Amino acid sequence: GQQLNQSPQSMFIQEGEDVSMNCTSSSIFNTWLWYKQDPGEGPVLLIALYKAGELTSNGRLTAQFGITRKDSFLNISASIPSDVGIYFCAGPGNQFYFGTGTSLTVIP
Amino acid sequence: EPEVTQTPSHQVTQMGQEVILRCVPISNHLYFYWYRQILGQKVEFLVSFYNNEISEKSEIFDDQFSVERPDGSNFTLKIRSTKLEDSAMYFCASSPPWTGEKLFFGSGTQLSVL
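Chains A and B, in that order, give the protein sequences.
31 is the number that the numbering used here gives to position 31 of the first sequence; each next residue is one higher, with no gaps.
88 is the number that the numbering used here gives to position 88 of the second sequence; each next residue is one higher, with no gaps.
Printed below as a string of structure tokens:
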């Protein structure tokens with residue numbers, strides 16, 4: 001199956017700092033999605049990207065779809081405690097593939 | 001806002017017992033999915049379902065698993081004879097065909113097999 005690898009695996013940051021994480025794929029995707037999972041909850045869609053090179057924002061979140069269509073990054077500006085959670089990239093295919101996840105801890 | 005609902009939120013069962021996990025997808029959605037997440041690990045695809053039949057399934061989805069849409073609103077996952085390694089959070093998701101393949105997830109059922 002297709003592999004989606006995320007880095008870093010985990011991050012510990014101070015409140016107010018900016019965060020950057022990325023996702024790389026072994027093959028091309030035509031759509032990239034970023035989800036956030038709070039503890040004990042299901043993933044919630046944050047941002048959807050549909051075109052190579054596309055840069056999309058949702059509040060303090062910004063995501064870009066890589067030109068090669070094999071990668072994407074997610075930035076969070078001015079982090080706050082409620083940003084804590086696991087962030088997954090995802091790509092639709094025959095199966096809907098999820099990345100390995102980046103666990104974010106924000107220290108007040 | 002419409003949402004995917006799952007019941008029960010927690011299920012404890014003895015090894016070898018059958019369990020049925022229930023989901024009510026968003027009403028105008030046409031594609032349905034089950035995923036599982038073992039504690040601390042990534043979300044793993046189990047099966048997708050469209051037009052009253054399985055469209056894709058992973059290697060995890062063996063003969064112990066089955067899915068059903070018994071009526072117009074429910075979507076169920078049955079595990080016939082549970083094993084210890086089936087302990088995980090199980091998520092149902094649904095998607096309409098016109099949103100660029102976005103999946104909307106339920107809050108999950110935490111299955112514990114003892």
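All C-beta atoms in this analysis are idealised placements derived from N, C-alpha and C, irrespective of residue type, glycine included.
It should be emphasised that the depicted structure is a prediction, and the values quoted were computed from it without experimental measurement.
A direct Cα-Cα distance of roughly 28 Å separates Trp34 of chain B from Leu61 of chain A. A distance below 8 Å between beta-carbons, with the five flanking residues on each side excluded, links Glu15 of chain A to the following residues of its chain, in chain order: Ser79, Ile80, Pro81, Val106, Ile107 and Pro108. Out of A:Val84, A:Gly93, A:Pro39 and A:Gly53, the CA that lies nearest to the CA of Ile13 of chain A is found in A:Val84.
Between Ile76 of chain A and Ser20 of chain A, the C-beta gap is smaller than 9 Å, which places the two residues in contact. Taken in chain order, the complete alpha helix (DSSP H) segments of 4 or more residues contained in the stretch 18-82 of chain A number zero; there are none.
At least one CB atom of chain B sits nearer than 9 Å to the CB of Phe96 of chain A.
In the three-state DSSP reduction, Glu85 of chain B falls in the helix class (H, G or I). In the three-state reduction of the DSSP assignment, Lys78 of chain B falls in the strand class, which pools E and B. Contacts with chain B at 9 Å (Cβ-Cβ) include Leu45 of chain A. Annotated three-state conformation of Gly40 of chain B is coil, per DSSP. Rounded to whole angstroms, the gap between the alpha carbons of Tyr97 of chain A and Ser73 of chain B is 25 Å. Residues are counted here when their Cβ sits less than 8 Å from a Cβ of chain B; for the stretch 6-34 of chain A these are Thr31 and Leu33, given in chain order. Residues are counted here when their Cβ sits less than 7 Å from a Cβ of chain A; for the stretch 20-45 of chain B these are Tyr33, Lys42, Val43 and Phe45, given in chain order. Nearest CB-CB separation between Ser112 of chain B and chain A: not below the 9 Å threshold. Rounded to whole angstroms, the gap between the alpha carbons of Lys57 of chain B and Glu18 of chain B is 20 Å.
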